[in-house]
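Novice:
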Amino acid sequence: DTGVSQDPRHKITKRGQNVTFRCDPISEHNRLYWYRQTLGQGPEFLTYFQNEAQLEKSRLLSDRFSAERPKGSFSTLEIQRTEQGDSAMYLCASSTIMGEQYFGPGTRLTVT
Amino acid sequence: GEDVEQSLFLSVREGDSSVINCTYTDSSSTYLYWYKQEPGAGLQLLTYIFSNMDMKQDQRLTVLLNKKDKHLSLRIADTQTGDSAIYFCAEYLSSGYALNFGKGTSLLVTP
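Sequence lines, in order, name chains A and B. By our numbering, the letter at position 42 of the first sequence is numbered 741, and the numbering carries on one by one without gaps. By our numbering, the letter at position 106 of the second sequence is numbered 783, and the numbering carries on one by one without gaps.
Written out as structure tokens, the structure is:
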């Protein structure tokens, strides 16, 4: 299977804890994107990487959020000091430059 | 930012055609997309259209684009119960990286 994969698929955490999600893009894709989706809404852009460089961050990405793509392959998204408002589906997508974005299955985060 | 607009719900009978409409925001958008999302799953790319086209057909799917009105539609012919899902319209922003999604249209196909 050469699609986008994400791990874990589900995460339940207590408020105030830190969580980290991983995304493995399609291997030949040099762009990687993170989106957040809440119930009843479409995905909202968070950030994107071209190779290992983080080129854009949305204003939705507060300073408690950090994303990395250290070797230009997989990426991690960390949320520190989680809040209940962080509960959402976190989606990763990848593409070639100017190509279509292919999405992974998402990580559903529940903050209790 | 501005909102991509979609109607929230559509119900059709199996075998009928479904038409899902979308109004997008960025007149400079180069590509427009339709994605499908089933419960608890990620987004599946269904089809897309380049902004210099006004129609694209792909098996049961037909996309129509009216650039003047910034209107996009997705027609599904011979709709099946397996087509029941949420359909998202998305515009590729002229900034060159992010997709701007609508809130999705929930399609229910009844037998």
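Think of the CB as a built atom: it goes at the ideal place given N, C-alpha and C, for glycine as much as any other residue. Please read all numbers here as calculations on a predicted model, not as lab measurements.
Tell me whether B/Lys713 is buried or exposed, calling it buried when 16 or more other Cβ atoms sit within 10 Å of its Cβ.
Specialist: In the second sequence, residue 713 of chain B corresponds to position 36, counting from 1. By the 10 Å Cβ count, B/Lys713 comes out buried.
Novice: Can you tell me which of A/His709, A/Thr701, A/Asp706, A/Cys722 puts its alpha carbon nearest to the alpha carbon of A/Cys791?
Specialist: Reading the first sequence from its first residue, position 92 is the one you call residue 791 of chain A. The shortest C-alpha separation from A/Cys791 is found at A/Cys722.
Novice: Per DSSP, what kind of secondary structure is A/Gly715 in: helix, strand or coil?
Specialist: One-based indexing of the first sequence puts residue 715 of chain A at position 16. Three-state result, A/Gly715: coil.
Novice: Using 8 Å as the threshold, is the segment 795-811 of chain A in touch with the segment 703-718 of chain A, meaning 3 or more CB pairs across them?
Specialist: With the cut-off at 8 Å, the segment 795-811 of chain A and the segment 703-718 of chain A touch.
Novice: Once DSSP output is grouped into helix, strand and coil, what is the label at A/Asp785?
Specialist: For the purposes of this step, residue 785 of chain A is taken as residue 86 along the first sequence, with counting starting at 1. A/Asp785: helix per DSSP, three-state reduction.
Novice: Is the CB of B/Asn701 under 8 Å away from at least one CB in chain A?
Specialist: Residue mapping note: residue 701 of chain B aligns to position 24 of the second sequence, counting from 1. A small fix is needed here, since residue 701 of chain B is Tyr in this sequence, not Asn. Cβ-Cβ to chain A under 8 Å: no for B/Tyr701.
Novice: Relative to the C-alpha of A/Pro769, which residue among A/Ser704, A/Gln753, A/Ser726, A/Gly741 is closest?
Specialist: The residue given as residue 769 of chain A occupies position 70 in the first sequence. Per the Cα distances, A/Gln753.
Novice: Checking contacts by CB at 8 Å: is B/Tyr790 closer than that to chain A?
Specialist: Chain B is shown from 678 up to 788; residue 790 of chain B falls before or after that span and cannot be answered.
Novice: Is the segment 770-787 of chain B touching the segment 730-742 of chain A, taking contact as three or more C-beta pairs under 8 Å?
Specialist: Yes, they touch.
Novice: By DSSP, does B/Thr758 sit in helix, in strand, or in coil?
Specialist: The sequence position of residue 758 of chain B within the second sequence is 81, counting from 1. DSSP places B/Thr758 in helix when its eight states are reduced to three.
Novice: In chain A, which residues lie less than 8 Å from B/Phe686 when you measure between Cβ atoms?
Specialist: Taking the second sequence and counting its residues from 1, one reaches residue 686 of chain B at position 9. Neighbours of B/Phe686 on chain A: none; closest Cβ ~12 Å, over 8 Å.
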